[in-house]
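Structure, as structure tokens:
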Amino acid sequence: MSDFSLPKTYDFHAVEQRLYAWWDSQGYFRPKVDPSQRPFVISMPPPNVTGELHLGHAMFVAMEDLMTRYHRMRGVPTLWLPGSDHAGIATQLQVEKELLRTEEVTREEIGREAFVARTWEWKRKYGGIITQQLRRLGASCDWSRERFTLDDGLSRAVREAFVRLYEKGLIYRGTYLINWSPGLRTAVSDLEVEYSEEQGTLYTFKYPLAGSDEFIPVATTRPETILGDTAVAVHPEDERYRHLIGKTCLVPILNRPIPVIEDAYVDREFGTGALKITPGHDPADYEIGQRHGLPIVNVLHPDATMNENAGPYAGLDRYDCRERIWKDMQTAGLTIRTEPYTMQVPRSQRGGEIVEPLVSTQWFVRMKPLSEPALNVVRDGRIRIVPERFTKVYFNWLENIRDWCISRQLWWGHRIPAWHCADCTKITVARTDPDRCAHCGSSRIEQDPDVLDTWFSSGLWPFSTLGWPEDTPDLRAFYPTSVMETGYDILFFWVARMIMMGLEFTGREPFHTVYLHGLIRDERGRKMSKTLGNFIDPLVVMDEFGTDALRFYLLTSSTPGNDINVSVDRVEANRNFANKLWNAGRLVLGAVERAGAQPDRQPPPTLADRWIRARLSALVREVGRLFEGYQFGEAGRQIYEFFWAEYADWYLEIAKLQLDESPERAWSTAKHMVEILDTCLRLLHPYTPFVTEELWGKVRGACLARQARLQPEGGWEEALIVARWPEAAEATEDEAVAQVSFGKVMDIIKAIRNVRSEKGVEPSRRIAAEVSAGADQALLEEHRGLLSHLARLDPQRLTIAGRLPAPPKEALPLVVGTIEVYLPLTGMVDVVAEGKRLDGEMAQAATQIARLEELLAGPFKDRAPADVVAKERAKLEALRATRQKLEMNRKALG
RNA sequence: GGGCGGUUAGCUCAGUUGGUUAGAGCGUUGCGUUGACAUCGCAAAGGUCGUAGGUUCGAGUCCUAUACCGCCCACCA
-9 MSDFSLPKTY
1 DFHAVEQRLY
11 AWWDSQGYFR
21 PKVDPSQRPF
31 VISMPPPNVT
41 GELHLGHAMF
51 VAMEDLMTRY
61 HRMRGVPTLW
71 LPGSDHAGIA
81 TQLQVEKELL
91 RTEEVTREEI
101 GREAFVARTW
111 EWKRKYGGII
121 TQQLRRLGAS
131 CDWSRERFTL
141 DDGLSRAVRE
151 AFVRLYEKGL
161 IYRGTYLINW
171 SPGLRTAVSD
181 LEVEYSEEQG
191 TLYTFKYPLA
201 GSDEFIPVAT
211 TRPETILGDT
221 AVAVHPEDER
231 YRHLIGKTCL
241 VPILNRPIPV
251 IEDAYVDREF
261 GTGALKITPG
271 HDPADYEIGQ
281 RHGLPIVNVL
291 HPDATMNENA
301 GPYAGLDRYD
311 CRERIWKDMQ
321 TAGLTIRTEP
331 YTMQVPRSQR
341 GGEIVEPLVS
351 TQWFVRMKPL
361 SEPALNVVRD
371 GRIRIVPERF
381 TKVYFNWLEN
391 IRDWCISRQL
401 WWGHRIPAWH
411 CADCTKITVA
421 RTDPDRCAHC
431 GSSRIEQDPD
441 VLDTWFSSGL
451 WPFSTLGWPE
461 DTPDLRAFYP
471 TSVMETGYDI
481 LFFWVARMIM
491 MGLEFTGREP
501 FHTVYLHGLI
511 RDERGRKMSK
521 TLGNFIDPLV
531 VMDEFGTDAL
541 RFYLLTSSTP
551 GNDINVSVDR
561 VEANRNFANK
571 LWNAGRLVLG
581 AVERAGAQPD
591 RQPPPTLADR
601 WIRARLSALV
611 REVGRLFEGY
621 QFGEAGRQIY
631 EFFWAEYADW
641 YLEIAKLQLD
651 ESPERAWSTA
661 KHMVEILDTC
671 LRLLHPYTPF
681 VTEELWGKVR
691 GACLARQARL
701 QPEGGWEEAL
711 IVARWPEAAE
721 ATEDEAVAQV
731 SFGKVMDIIK
741 AIRNVRSEKG
751 VEPSRRIAAE
761 VSAGADQALL
771 EEHRGLLSHL
781 ARLDPQRLTI
791 AGRLPAPPKE
801 ALPLVVGTIE
811 VYLPLTGMVD
821 VVAEGKRLDG
831 EMAQAATQIA
841 RLEELLAGPF
851 KDRAPADVVA
861 KERAKLEALR
871 ATRQKLEMNR
881 KALG
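Shown next as structure tokens:
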């Protein structure tokens, strides 16, 4: 009965590439603009051009493609806009490495212009790899709108944004303490610094007072910074040191005089209670220095060797200097002790080298005026963060935000549109390259050498990709976007900045929902990295198990915002699911082949037909509800369960029987088989696009070819990717009845199988049985065919009695080939228990409904905030629905 | 120092308006294959839902405390 033109196992290799090319060529990925409908839009988080596919990419593609396909199927104009990021530091490093390897030249040797040209060349050559890989994942994004953060349009947007912020006074240039990456020789922002707990040493030494033998004991973890000290601070109420305040002490070795000052910041309990102040190389000291008007002494070169201010140590590496100065101080009798100490070491997020705080002239964005509106849109719900707990993290960060250092001493990126005048030294910031100074008219101007932090351009992504600052049709049609889907690790880096920039430049929130997925880790919960050797290559996984299996796994194995410890075993299980779909499809195709013409009179549906439709209808409702709440994982798992455990394991087995009954029944059964398979494929398509499209196409083709009028309601669309999403219908009373009735039949079948298994009867052997059915005698009598088939009973020797004579104490004796099944579960006792429980639930629902009705009728609805009232209303509605459902179940129970 | 997450079967994880007997995959045990599928079917074993209290007719789910693991934020040298 099966269609042997299909292979027995689903061969995804043959299918995936072909289908992707076909979808693309048919233009399905491009939105159909329809001004009457609000579109659904996702801006893809642009992967780095240097990137190689990892599971994080697979995760976001799976998630965003799911949402995209879902909305497309609902008939909404849907745009998923792809692109890539120039990734300043990462790309520059990569090209530098390449240059060094192949031509043994550094970027300095070939010069800025040539280097940037080489990087573009590199980008043209390798930049397409990552987007090619995204295609393999099935990403149904609109490639005709693909953007790159450094292309002309986006560069214009970046410049416009910079100039506007500068003109508003929100961008300024200044000399402050920043994080310096000595290896990269550039400033980095606070966010790009990670602190790791490491074993270090706490050095305690003597700070000698000028003109006396007295000294102040001071502790530090970085002795080399002693050379940059400009004060020693003590707590104003510290009796030990009070008399020294205002005195002068001498920097060890250098003998530079510095004051002893008082500041309440100093913790009397910690260390010696006296603090050396290095405003040039420590954030806390910097602030104290500002408070007291202390001078700043920088002792480091940009490469973290000591500079001329370090006196005799000039030229030494920072760590060599640390050892040397300590030795010299020992010789001078200035040391007290060293002890092991655990400290927080600031390291660069990229490369991991130790970052040095130092004072430098950089460009900054003033954040306070931008953060306030960004806080408000989340506070008042105009932007919703899923899962909700991250709103707290978001608030906490924005409330304590500090100005953002946006200049980078790199060559690859958006060059800062500011020109320095050699004559009047003033700065000209302009939208188009100026040829003279705006202040004095001098032509001796030179552009600032720095480029912008990559995240500056990323922050504009949702609107810059649509044409901003021009008022383009795309911008009008697709902005604001709908959902921002990304990993929670870049909530600050990217999401918060997009919200701030979006509000600042467009006056609108750039998206209404932020959906944050978890991070991908290995089986033991560690981060994945090539150096750790625990890197799982998605391409390899896809080769082995198929894209659908990987996607379905990623989408259903976790919950929003929670990390995933990847287990390849589970990907395999999902490969098996794809195969299950495929084979169920083969069976249905066989049924379609056998179904004759549509009969004149359709037979009424069987109990099994009614049951599976009821289950399907419940599934569609449930999936709809879960999608509303972004619970895609749970929805996927439920579809999986339904398809495998109910449709395939039960209904299709029964359908095989029904197909043999009569031509009319065969036709009607084939119709149910097709319709339910069709609905499942629709529901699954956003998760597993390839196998569903392929199979759906086969079924559609077979049905159309047979002209047997086997078709979903509304007919067959041209492709599953643009087929209608199943609509949920209200539960009917018949559905409730069918589920209860069929549930009883299932229980009996399971019980008989159970007994057989316990008694060791081979499954293939037909045996006699006596079933005591209690009140359900008629029901079972009607389905004795099913019973005997699914439980492998001899139909001739199956007795269904209302009540068997006294059930033997020694349970269920199996005389050779005879079973007596007593089924308390389906008997009256349990109906009573179930009824009691339902009554209890109904009573509770009733009191809650009454309470809410009273509340909502009173002054509450006028006094409480609108959203609270709305929430209560929704709760009431839900309760009413629940009550209805309960009543239905109760009635069905009789 | 502040905040968040996790703790559920041997393993990896689901379980969001509190509600029947707490689920899945993998693994384990027994049985089964000529007609969709061994990438399969049937059955079974396996859980004091971290711990202790509390709210409730009813708690894995809500509240309080606490232990362990992990993460984020934070200027203790």
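Residues -9 to 884 in our numbering are what the first sequence lists, from first letter to last.
Every residue gets a Cβ at the ideal spot worked out from N, C-alpha and C, and that includes glycine.
From the DSSP output, read off the bridge partner residues of M474.
Working through the first sequence from its first residue, we reach residue 474 at position 484. Answer is V504, bridged to M474.
Using the C-alpha atoms, what's the distance from L597 back to Q7?
Working through the first sequence from its first residue, we reach residue 7 at position 17. Working through the first sequence from its first residue, we reach residue 597 at position 607. Cα to Cα, the separation comes out at about 42 Å.
Starting from the Cα of L667, find the closest Cα among Y641, E277, R696, L56 and give me that residue.
Against the first sequence, residue 667 aligns to sequence position 677. Minimum Cα distance to L667 is reached at Y641.
By DSSP's criteria, T96 is part of a beta bridge. Which residues make up the other side?
Translated into positions along the first sequence, residue 96 becomes position 106. Its beta-bridge partners do not exist; DSSP assigns none.
Excluding the 5 residues preceding and the 5 following P716 in the sequence, name in chain order all residues of the same chain whose CB lies nearer than 7 Å to its CB.
Numbered from 1 along the first sequence, position 726 holds the residue referred to as residue 716. Same-chain partners within the cutoff: V610, T669, R672, L673.
I'd like the span of the alpha helix (DSSP H) that includes G775, first residue to last.
Sequence index remark: in the first sequence, residue 775 carries index 785 (1-based). Residues 774 to 780.
Using CA coordinates, which residue listed in R369, M53, S171, V256 is at the minimum distance from E343?
As a working mapping, residue 343 is identified with position 353 in the first sequence. Cα-wise, what sits closest to E343 is S171.
If you drop the 5 nearest sequence neighbours on each side, which residues of the same chain put their C-beta closer than 6 Å to that of W484?
Taking the first residue of the first sequence as position 1, residue 484 is located at position 494. Contacts found: S448.
Which word fits V613, buried or exposed, when buried means at least 16 other C-beta atoms lie within 10 angstroms of its C-beta?
For this step, residue 613 is matched to residue 623 along the first sequence. Looking at its Cβ environment, which holds 16 or more other Cβ atoms inside 10 Å, V613 is buried.
Roughly how many angstroms separate the alpha carbons of A574 and W458, rounded to a whole number?
Translated into positions along the first sequence, residue 574 becomes position 584. Translated into positions along the first sequence, residue 458 becomes position 468. Roughly 49 Å between the two C-alpha positions.
Can you look up V289 in the DSSP assignment and give me helix, strand or coil?
For the purposes of this step, residue 289 is identified with residue 299 of the first sequence, where counting begins at 1. Here V289 carries a coil assignment [DSSP, helix/strand/coil].
Look at P302 and L284 and say whether their C-beta atoms are less than 8 Å apart.
Taking the first residue of the first sequence as 1, we reach residue 302 at position 312. Taking the first residue of the first sequence as 1, we reach residue 284 at position 294. No; because the gap between Cβ atoms is not below 8 Å, this pair is not in contact.
Cβ of T295 within 8 Å of Cβ of L306?
Position 305 of the first sequence, counted from the first residue, corresponds to residue 295. Position 316 of the first sequence, counted from the first residue, corresponds to residue 306. Yes; because the gap between Cβ atoms is below 8 Å, this pair is in contact.
When the Cα atoms are used, what is the spatial distance from S(-5) to E624?
For this step, residue -5 is matched to residue 5 along the first sequence. For this step, residue 624 is matched to residue 634 along the first sequence. Distance between the alpha carbons of S(-5) and E624: 35 Å.
Would you call the segment 496 to 511 in contact with the segment 41 to 55, where contact means no fewer than 3 C-beta pairs closer than 8 Å?
yes
Take R430 and list the residues in its own chain whose beta-carbon comes closer than 8 Å to its own, dropping the five residues that flank it on each side.
Numbered from its first residue, the first sequence carries residue 430 at position 440. Note on residue identity: the sequence assigns Cys, not Arg, to residue 430. Around C430: C411, D413, C414, K416.
Can you have a look at G497 and say buried or exposed, based on whether 16 or more other CB atoms are within 10 angstroms of its CB?
Numbered from 1 along the first sequence, position 507 holds the residue referred to as residue 497. Exposed, since its Cβ has fewer than 16 Cβ neighbours within 10 Å.
So, with DSSP's three-state summary, where would you put G623?
Reading the first sequence from its first residue, position 633 is the one you call residue 623. In the structure shown, G623 sits in a helix (DSSP, three-state: H, G or I).
Between the alpha carbons of V821 and E703, how many angstroms are there, rounded?
By one-based count along the first sequence, residue 821 stands at place 831. By one-based count along the first sequence, residue 703 stands at place 713. Confidence in V821 is poor, its pLDDT being 41 and thus under 50, which makes the residue's placement too unreliable to answer from.
With a threshold of 8 Å, are at least 3 pairs of Cβ atoms found where one atom belongs to the segment 402 to 409 and the other to the segment 434 to 447?
yes
Could you tell me whether the Cβ atoms of L360 and L83 are closer together than 8 Å?
As a working mapping, residue 360 is identified with position 370 in the first sequence. As a working mapping, residue 83 is identified with position 93 in the first sequence. It is not a contact, given that the beta carbons lie outside the stated cut-off.
So L597 is in the alpha helix (DSSP H); what residue range does that whole segment cover?
Along the first sequence, one-based indexing puts residue 597 at 607. Here the alpha helix (DSSP H) through L597 covers 597 to 618.
Would you please state the rounded distance, in angstroms, between the beta carbons of H271 and G190? I believe it to be under 8 Å.
Along the first sequence, one-based indexing puts residue 271 at 281. Along the first sequence, one-based indexing puts residue 190 at 200. The pair is not a contact, with the Cβ atoms about 16 Å apart (cut-off 8 Å).
How far does the alpha helix (DSSP H) with P336 in it reach, from first residue to last?
On the first sequence, position 346 is the one that residue 336 refers to. Counting along the chain, P336 falls outside any alpha helix (DSSP H), though it belongs to the beta strand (DSSP E) covering 325 to 338.
Any idea which residues DSSP pairs E188 with across the strands?
Here residue 188 is taken as the residue at index 198 of the first sequence, counted from 1. Note: E188 sits in a beta bridge opposite M333.
Taking three-plus beta-carbon pairs below 8 Å as touching, is the segment 71 to 78 in contact with the segment 511 to 520?
no
By a C-beta neighbour count over all protein chains shown, 10 Å radius and 16 as the cutoff for buried, is G580 buried or exposed?
As a position in the first sequence, residue 580 is number 590, starting the count at 1. Around the CB of G580, 16 or more other CB atoms lie within 10 Å, so the residue is classed as buried.
Inspect the beta-carbon positions of R59 and H675 and report whether they are closer than 8 Å.
Counting from 1 along the first sequence, the entry for residue 59 is found at position 69. Counting from 1 along the first sequence, the entry for residue 675 is found at position 685. Yes, Cβ-Cβ distance for R59 and H675 is below 8 Å.
Specify whether the segment 125 to 144 and the segment 521 to 541 touch according to this definition: at least 3 beta carbon pairs, one from each stretch, less than 8 Å apart.
yes
Could you tell me if the beta carbon of P67 falls within a distance shorter than 7 Å of some heavy atom in the ligand SAH?
By its list of ligands, the structure shown contains no ligand whatsoever, and the ligand SAH lies outside what it can speak to.
Looking only at its own chain, which residues have a Cβ that is under 8 Å from the Cβ of D464, when we skip the five neighbours before and after it?
Along the first sequence, read from residue 1 onward, the residue named residue 464 stands at position 474. Cβ within range, chain order: R135, L456, G457.
Within 10 angstroms of its Cβ, does R421 collect 16 or more other Cβ (buried), or is it exposed?
Translated into positions along the first sequence, residue 421 becomes position 431. Around the CB of R421, fewer than 16 other CB atoms lie within 10 Å, so the residue is classed as exposed.
To the nearest angstrom, report how far apart R137 and V419 are at their CA atoms.
Residue numbering aside, residue 137 sits at position 147 when the first sequence is read from its first letter. Residue numbering aside, residue 419 sits at position 429 when the first sequence is read from its first letter. Rounded to the nearest angstrom, the two C-alpha atoms are 26 Å apart.
Pull up the CB-CB distance for Y0 and N569, whole angstroms please, since I reckon it's below 8 Å.
What you label residue 0 is simply residue 10 of the first sequence in a count that begins at 1. What you label residue 569 is simply residue 579 of the first sequence in a count that begins at 1. That pair is a contact at about 5 Å.
When you compare only the Cα positions, how much space is there between F260 and Y193?
Residue mapping note: residue 260 aligns to position 270 of the first sequence, counting from 1. Residue mapping note: residue 193 aligns to position 203 of the first sequence, counting from 1. When rounded, the distance between both Cα atoms is 13 Å.
Could I get the ranges of all uninterrupted beta strand (DSSP E) runs contained in the segment 343 to 399, with 3 residues as the minimum, in chain order?
346 to 355, 374 to 376
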